[in-house]
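Protein chains in written order, with the numbering used here: chain A, 67 to 420; chain B, 67 to 420; chain C, 67 to 420; chain D, 67 to 420.
Where a beta carbon is used, it is the ideal one built from N, C-alpha and C, also for glycine.
In this text, all values refer to a predicted model and were calculated from it rather than measured experimentally.
Take a look at the structure below.
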């Protein structure tokens, strides 16, 4: 028995990824595709400017777009909603859905910093899911991280036990992260734009929160300094990041290499439909990872694009540095939300409401 | 009276910049255009695949290519040579030229780490020119820095007096830095390649050396830790860098801003033909500098492209961070060498040999 | 004594070109910068997102944006207006300005097909200017062609006397032709989009009209069949066109080559400030013209970018074929309008109204 | 029982496609991977710079590279060879293999114009396979067309019965067509290069030959005039073509549309492993086909990328025009050769030799 679900903002670029990734999902069945009033009433195929290189899944073709009406969504039978709403719209809609008993797995930033809302990247911080018990609504809100943060915390995961205290990261972010129409071509062709509104602030705050510890139903931030510089590059898909991690004592290269090579999904996450066996693929090629060639690691089907890739690991004094790539539209957006829902379902909290 | 000069490697991409920038130069007149045996004997216009968006300067059209024969160059009347040779060829040719009394201003890495050869970025370390007195040859070798290092040290110049001890930099480097044919299009279209052979090592070593102090005819490296991650992006011209600079004590944003805004060429450099009035242009626009739009700062004519641009300055804890852009083919290559020669000429050492 | 002029749509991409190209113009002095109500009241520098790689000309910095009010513009002292308005806005505003005695030199398509409005590309059809006498208003409207048409008719100019009867053209058009924000980066990075709304229709109709003959105050279209296929490519500036021209009898290659080489501006146009000496630059290089390298031919300053470039001329049976490049934002837009105004001024009609 | 086969030039870009597409092929099993002496002796994974976004197929990892020695290949047990050799090497190697009884399915141009060698695009000219009986060697050579020709003749297939007499085509060709390293990035980033050596001549000659008729063991060229203009664009994969087809009498739009919509593989070809059900996919979207979005039509697995896509069909006077896309590395190269071998096998000639 699949759980019926809604996709909010289903016509946007992240919404399209939800529509694609949920095609044939074993646990969730999209029955509501909600978008702005402008699209409401049209068939999905009429309303969407489909940008993915595959066809619109056939299940979605037959669905008519509904508006963003929480009451209607809640009464439709949808037990959960995947939210790809723009930040300014997401806040009240998601709150109202939770109030009406619908669980929300959101890619939007609106509730990420709410004290009882986890920013969940399961391989890294699955215990944070527990803080949802502080939410007073029958439905709960679970967020995934910003796309650039998601990759970073996956790459930092294997290093946590070595006790770093500084992270300096510079990003090379794909245009797909800006939605559609997003970045104007005249601004990015043959260019790099060293500014993505509010991205650096998110990356700093979210990274420290995700790496923090859940205590007494709240999250205590990780104490590391995080310095982030974010830029847009003329790449379609895949956020590359140059990461330097500082330790109080000089780390040992071989130990770090082994830590990356041995890194696996924790038991609580392993086997979930969208969970890659190895959340981080380590490459020793001299010139990888590259967005065009390494953005689809993690496995086949729903797992493709769910693993980050780390390469060019080096140690210098008190620093380790490496390049990291993650798929911003899959792992850093729709796929991350879906994995969160799979974890919540396994935990019993989501399914148990019936 | 202009000094006659040779351009070594005149048909390559950096060589072409030398040919262009020396057109009408008040002090130096190219009379020898030297290249590999394959080109020798042809007219310059026959031998070169001209890649600049202007025409071949008319003076160069009439010059026949000569081979890389130090004896012939030295006896031609050329008092100095600008070297755009590939690293593996540059070493012995430059040494032999110096032995025969020709000064060499080199963009090649071959001699940069020789103890009596300065890596000169005049606005930052003009006193280093003095160490050439340790060279035993009648001609002297002066190098400029690697293209990515040049921008970095210009950007660090205004911050030196605040006593930083860590520099973490990630680069977004243009394909023109790889020469011609350089990077294959299939490797870089819609992609980022996080590897430029030996670039990171150069950036670390050269930065510490350029920022070091000249004592007793030798250079003592600057003690700061330098961590560099270098990547190639699909941009034609202009190296962008995300720079994070760590200080023992938290810096004051306004002080740093004033330091950048007030930064000027030192007296010893000011007024040189290729010296920009302000070596670093500070921008407060939210999304600059950008390679496509800010690579030609510094002034008109021979000064265009000689200034770096710094933007998005921010302070966070013990760190200052900013984006920095410099023109890799002008300031980071040919233009840098020419400025070095202008400084040597003003100093009397170069011209005084006559 | 310069004539005061207005620039309509001064903040858009073509408007910016007008602002730049009219800086220091010997005949015209922009005193009114008009834009939509959203910008009105702001200083130009506050209202514009300046996209050109030079600075905003200093004269424009001090000008406050006015709204698109024909009465106010007409009473401001402006004797002519350069229109960079979007098609849907241009029609009534331009008509009303003409009614109030202001001459309009328009880059917009709104009036191009009016029977008494010429589509003027002076080197090709300067006699068409005469049909403005059929306009009943004290001011007159003169249009330039669509950007892709302008290049084509320049390239066809030298061939007209050989009597072609078919023209098949496929375009490779730069993104700057779409204005700002224009084409979404995700649509064009690493892609070609074979559709530009209404472009092919314009190219066919305008080409036949411009090449037509003015008789009795009206234009009789040129009888050649014109087949146009228009596509957008990931290029910043410069429209490339693959042109095949069919003749009833097989043309002679050498004759065509000589016709291109000898092609010059007619006496009526020669010496105008923006008129290139040679409207078409012929190249025999095997791989030119290229947008990145040949978009700025025609001369220095205001003439740069005013010449088209033709290369790879070949003859096969009854066909001549060649590649043609023209600068779409200069020759194909703002520069074309300015040249038209210069011609009207020389003709006496424009200046004579005072 | 699969036939053993060799892949010649297995490390190049087309060779890699052969390696990938033959993974799991029901009829052919690569047992010899041959390349230049430089690679011979190494394992395939050591010798290849793998550029495809998937992994090297596991079967290929274990194979050691052999040199281009026809005797050794013939005695290895390989019954056929797929040739991705550069033109200058292919000629004698392919001839010698055929002499020794190995069938050669070649992507190289060397033998395309030999009188008894077909240029085979099965859906369009499968009867041409018959002319191989004129080859005197025990093995036979069968070529596929140049990548840009392949797409064109597929698109012209449905129109043949309407009797066109002129074809004017302009191409927008992907950089993958130039092999590796191929086009230098500085030449193509933000640019179009209107020259591909010998491409236009091939396109003209091959198109007329493929569309011609086999009579008496020889091919009589199709009489249509073909005018081709070929340019390289900054696209990874997929050749787009603007095609104008002239008819003696004005064609009817609806008839042409129906002809495209109804076009199917002929009975002789249908069901072959690599044959798409519909060799041409017709799209009525206003802005398609696009290389980035439509290069993988034709089916799943080995059929993906085997269908061309036609869009924007229009009729004007005696002309039909449309845009056409085909996958140059699959349909226009390795996939085309494989389909040819499948046809030869079904015909009995290839398999029958055993």
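| query | result |
| --- | --- |
| Runs of beta strand (DSSP E) wholly within the stretch 359-403 of chain C (minimum 3 residues, chain order) | 374-382, 385-392 |
| Below-8 Å beta-carbon distance, residue 80 of chain A vs any chain C residue | no |
| As assigned by DSSP and simplified to three states, the class of residue 132 of chain A | strand |
| Proximity winner among A/191, A/223, A/318, A/341, relative to residue 280 of chain A (alpha-carbon distances) | A/191 |
| Alpha-carbon spacing of residue 68 of chain A relative to residue 406 of chain A, whole angstroms | 16 Å |
| C-alpha distance - residue 385 of chain C paired with residue 216 of chain D, whole-angstrom precision | 24 Å |
| Whether residue 85 of chain D touches residue 126 of chain D by CB criterion (8 Å) | yes |
| Whole runs of the beta strand (DSSP E) within the stretch 133-190 of chain C, excluding any shorter than 3 residues | 146-149, 169-172 |
| Where the alpha helix (DSSP H) through residue 115 of chain A begins and ends | Neither: residue 115 of chain A is in no alpha helix (DSSP H) and is coded neither H nor E. |
| Within chain C, the residues that residue 353 of chain D reaches when beta carbons sit closer than 8 Å | 259, 260, 261 |
| Residues of its chain near residue 409 of chain B, where Cβ-Cβ distance is below 8 Å and the 5 sequence neighbours each way are ignored | 186, 188, 192, 195, 334, 335, 338 |
| Local Cβ density within 10 Å of residue 352 of chain C, reported as buried at 16 or more and exposed below that | exposed |
| Alpha-carbon to alpha-carbon, residue 374 of chain C and residue 347 of chain C | 6 Å |
| Spatial distance of residue 349 of chain C from residue 288 of chain C (CA atoms) | 28 Å |
| Beta-ladder partner(s) of residue 312 of chain A, from DSSP | A/232, A/385 |
| Simplified DSSP assignment, three categories, for residue 238 of chain A | strand |
| Residue-level contact to chain A via CB, residue 242 of chain C, 8 Å cutoff | yes |
| Euclidean distance between Cα positions of residue 72 of chain C and residue 105 of chain C | 16 Å |
| Proximity winner among B/262, B/220, B/378, B/132, relative to residue 11 of chain B (alpha-carbon distances) | No information on residue 11 of chain B is available, as it lies outside the stretch 67 to 420 that chain B covers here. |
| Sequence-distant residues of the same chain with beta carbon closer than 7 Å to residue 327 of chain D, five excluded per side | 348 |
| Nonlocal neighbours in the same chain, by C-beta distance under 7 Å from residue 253 of chain B, ignoring five residues either side | 259 |
| Which residues DSSP lists as bridging residue 254 of chain D, in chain order | Answer is none; residue 254 of chain D lacks a bridge partner. |
| Under the three-state DSSP convention, the category residue 220 of chain A falls into | helix |
| Proximity test, Cβ basis, 8 Å: residue 109 of chain A and chain C | no |
| Within-8 Å CB hit, residue 292 of chain B to chain D | no |
| Neighbouring residues, chain C, relative to residue 359 of chain B (Cβ below 7 Å) | 119 |
| Residue-level contact to chain A via CB, residue 256 of chain D, 8 Å cutoff | yes |
| Exposed unless 16 or more other CB atoms sit within 10 angstroms - verdict on residue 265 of chain B | buried |
| Span of the alpha helix (DSSP H), counted from its first residue to its last, around residue 324 of chain A | 319-328 |
| Whole-angstrom distance between residue 184 of chain A and residue 283 of chain A, CA atom to CA atom | 10 Å |
| Integer Cβ distance of residue 173 of chain C from residue 242 of chain C, believed to fall under 8 Å | No, residue 173 of chain C and residue 242 of chain C are not in contact; Cβ-Cβ is about 13 Å, not under 8 Å. |
| Check whether residue 230 of chain A and residue 403 of chain A have beta carbons under 8 Å apart | no |
| Extent of the continuous beta strand (DSSP E) to which residue 281 of chain C belongs | 279-281 |
| CB contact check: residue 197 of chain D to chain B, cutoff 8 Å | no |
| 6 Å CB neighbourhood of residue 89 of chain C in its chain, flanking five on each side removed | 123 |
| Closer than 8 Å to chain A by CB, residue 106 of chain C | no |
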